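A.B. asks: I have a structure I would like to understand better, so I am pasting it below and will then ask my questions one at a time.
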Amino acid sequence: MPETAFDLVATHHVLTLHLGVAGTLFGGTLLAWVDEAAALYASKAADNRFVTFELERVRFLMPCFMGDVVEVRARPLKASRSGLQLELEVARLKKTGGEETVLSTRAVMVAVDEEGKKMPVAFRAGWEARFATA
């Protein structure tokens, strides 16, 4: 299966308020950025309300520091009746050029109604095909 390009990129600048006690980007902040990117992607793909069902096997591969520019990227993997599976990758842009992968994971986003019950994904025009070819 050919790999599709990341078609959502959310860029963040690591500021003092994002640092933990180790002086590096707080892991909880990074996870919030990843979760937000997954929610944004799901919201672009379908006209539903989504909740995060799962983040699979999150590994923090390297730290990010004050002043770093960080990109959170998302692309489709597959869709089910009520859910979307996404691949997410976080990269730290190096000041000397290039980038380093900081984190990678998969997210499962589930479409829910006003009461929080699962419901079918209502894809926006052209988006279902992205999941079919992923």
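Residue 150 in my numbering is what sits at position 91 of the sequence shown, and the numbering runs on without skipping anything. Yeah, the Cβ is synthetic: ideal placement off N, Cα and C, and Gly gets one too. Predicted, not measured: the structure shown is a model, and the values here were computed from it.
#1: Near residue 85, what residues of its chain come up, given a Cβ to Cβ distance below 7 Å and the 5 sequence neighbours on each side ignored?
#2: Residue 142: which of 151, 173, 167, 130 sits nearest, CA to CA?
#3: Determine the burial state of residue 135: buried for a count of at least 16 other Cβ atoms within 10 Å of its Cβ, exposed for fewer.
#4: How would you label residue 138, buried or exposed, when you count the other beta carbons within 10 angstroms and need 16 or more for buried?
#5: Quick one: measure Cβ to Cβ for residue 64 and residue 108, integer angstroms, because I've assumed they're closer than 8 Å.
C.D. replies: Here's the rundown:
#1: The residue labelled residue 85 in the question sits at position 26 within the sequence shown. Answer for residue 85: 77, 78, 79, listed in chain order.
#2: Taking the sequence shown and counting its residues from 1, one reaches residue 142 at position 83. Minimum Cα distance to residue 142 is reached at 167.
#3: Within the sequence shown, residue 135 is the residue found at index 76, counting from 1. By the neighbour-count rule (16 or more Cβ atoms within 10 Å), residue 135 is buried.
#4: As a first step, residue 138 is located in the sequence shown; it is residue number 79 there, counting from the start. With at least 16 other beta carbons inside 10 angstroms of its own, residue 138 counts as buried.
#5: The sequence position of residue 64 within the sequence shown is 5, counting from 1. The sequence position of residue 108 within the sequence shown is 49, counting from 1. Wrong, their Cβ atoms sit about 27 Å apart, outside the cutoff.
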